[in-house]
Amino acid sequence: MTAGYVSNSAPWGLWRYKMEVECLVIGAGPAGSMAAKELASRGIETVVIEKRQEIGAPKRCAEGVSKHSIEKLGINVHKLGITRTIKGAALYSPSGKKVVMEGEGMEGYVLERKVFEKYLASEAIKEGARYMIKTQATDMVMENGGWKVSIKNLDGEDEIKAKLVIGADGVESKVGRWAGLKTLNRLTDYHSGIQFEMAGVNADENYIHLFFGNEVAPLGYAWIFPKAFSANVGLGILEKGAKMRAYDYLKKFLEEHEDIFKNASPIEINSGGVPVAHFTEMTADGVMLVGDAAQLVNPIHGGGIVRAMHSSIMAAEVADKALKENNLSKERLMEYENMWNEEYEEKTNKLLKLRGFLEKLEDKDFELLADILEGEDIFQLTQAKLSFFLKKLIKRPSLLGLATKYLKD
Amino acid sequence: MIKINRERCMYCGGCVGVCPTNALTLNETMLVVSEACNDCGICIKFCPVGALEV
């Protein structure tokens, strides 16, 4: 023990924490704080460590979530965390043909991540979880059937022992690797993303705007997500289709849309990696991975907030039972992974097929799709409903072959 | 071992997630490369702003 504040018996305080806990959550993003809230509300002793000095910043995200999905999970979003409620999405082909998706189930929120996540942390703390920020996990080893996690923070170097470690440490996840899981992301399934948050953007603020094309954002898309007085303007690309850096594509995008950006200026720059396929196992002895750490992102649109929170809800439910049974073996914790797969595997696999198809499209194919698809059709596609799409393409031989190859069961 | 252009680096940590040898670690604005780096260059291909080079 290095620091004077550290105590096993003292009441919970700013920097006081128990050095032996039932559950240690590593990472305080939406996945980590949701897990902490769910665990603590069941009376499980929970400590969260976050390596950054501020929860929620810097964001690596366009901050959009589906209103329907949030409500379905019963997630309580603080009103200050929502900067804009949107009606739907406007999609643009390379030549600028516009298809609008709006209506029931297609509404969304654009969040202020920093506020959204701090609120989530406050809810977890209200339930009894305790946080240590600017606290980095540097290693973890199995000891006496639990995990001993080495940490560094303002109080020096120390160790926390935990029966269960929840790895909510995002795309950079070390927890999975320490536990021997293959969490490595493949470049073929990992978007390179860049974003300016800009003020002065001239775009209809009731919609998110998505731009497609191999010269716009190869094997990805560019976006404008309106916020209260600014907008997130960014894009994600896959390296295998790219001729230049994501940053170069973003500059090109801004230059090519003078009508939208001529009076705009950036107020924040973000970048990041987005796992758009799920390969990794999610559990090991005494370890569960949630959110981006487990690559739980929608493969089509790259959204990960709702999936992250849902995974944490499931993980906490299983953790509670496993702790009560005093059985934290991989076999026991697998129930979490099975729950996840039951809910998401089929849909994710279909969306992966759809992604495979979309990656083969040339710009002329996007134009054709913009002509024959309506907003409702595209919404159905994002819901992994693919068979109607094949029927729609019957009179479009140029695309039918490709679609049949990729999308048929 | 790869070189980090610290003026360009956005400290987003995206490269950490694709490093096959677990040689990269990000803490705030400190991206660290360890001896485990074998110059495979995958992180260079990923970097959205071109902050990494051999």
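Chain order of the listed sequences is H and G. If you read the first sequence in this note's numbering, its first letter stands for residue 1, the second for the next number, and so on. If you read the second sequence in this note's numbering, its first letter stands for residue 1001, the second for the next number, and so on. For glycine and all other residues, C-beta sits at the position ideal for the given N, C-alpha and C.
query	result
Buried versus exposed, by CB contacts within 10 Å (16 or more), residue 241(H)	exposed
In DSSP terms, what residue 410(H) is bridged to	Only positions 1 to 409 of chain H appear in this structure, which leaves residue 410(H) out of reach.
Residue 65(H) to residue 1023(G) span [Cα, whole Å]	33 Å
Segment contact, 8 Å Cβ cut-off, at least three pairs: the stretch 214–227 of chain H with the stretch 56–72 of chain H	yes
Residue closest to residue 198(H), alpha-carbon to alpha-carbon, out of 248(H), 142(H), 274(H), 261(H)	261(H)
Pairwise C-alpha distance: residue 132(H) and residue 315(H)	21 Å
Residue 231(H) to residue 201(H) span [Cα, whole Å]	7 Å
Residues near residue 416(H) in its chain [Cβ-Cβ closer than 8 Å; skip 5 each side]	No answer is possible for residue 416(H): it lies beyond the span of chain H, which begins at 1 and ends at 409.
Chain G contact residues for residue 336(H), given Cβ-Cβ distances below 7 Å	Under the 7 Å cutoff, chain G gives no residues; its nearest Cβ is about 22 Å from residue 336(H).
Closer than 9 Å to chain G by CB, residue 273(H)	yes
Selected residue, minimal CA-CA separation from residue 186(H), among 1021(G), 1031(G), 1037(G)	1021(G)
Interface flag, residue 1016(G) vs chain H, CB-CB below 9 Å	yes
Sequence-distant residues of the same chain with beta carbon closer than 6 Å to residue 116(H), five excluded per side	81
Residue 151(H) classed as buried or exposed, judged by whether at least 16 other C-beta atoms fall within 10 angstroms	buried
Residues that DSSP places opposite residue 1014(G) in a beta bridge	Paired residues: none, contrary to the question.
DSSP-derived helix/strand/coil call for residue 1025(G)	strand
Simplified DSSP assignment, three categories, for residue 399(H)	helix
Beta carbon of residue 245(H) nearer than 9 Å to that of residue 192(H)	yes
Rounded straight-line distance, which links the Cα of residue 168(H) to that of residue 47(H)	13 Å
Start and end residues, beta strand (DSSP E) containing residue 268(H)	265–275
Where residue 175(H) sits in the DSSP three-state scheme	helix
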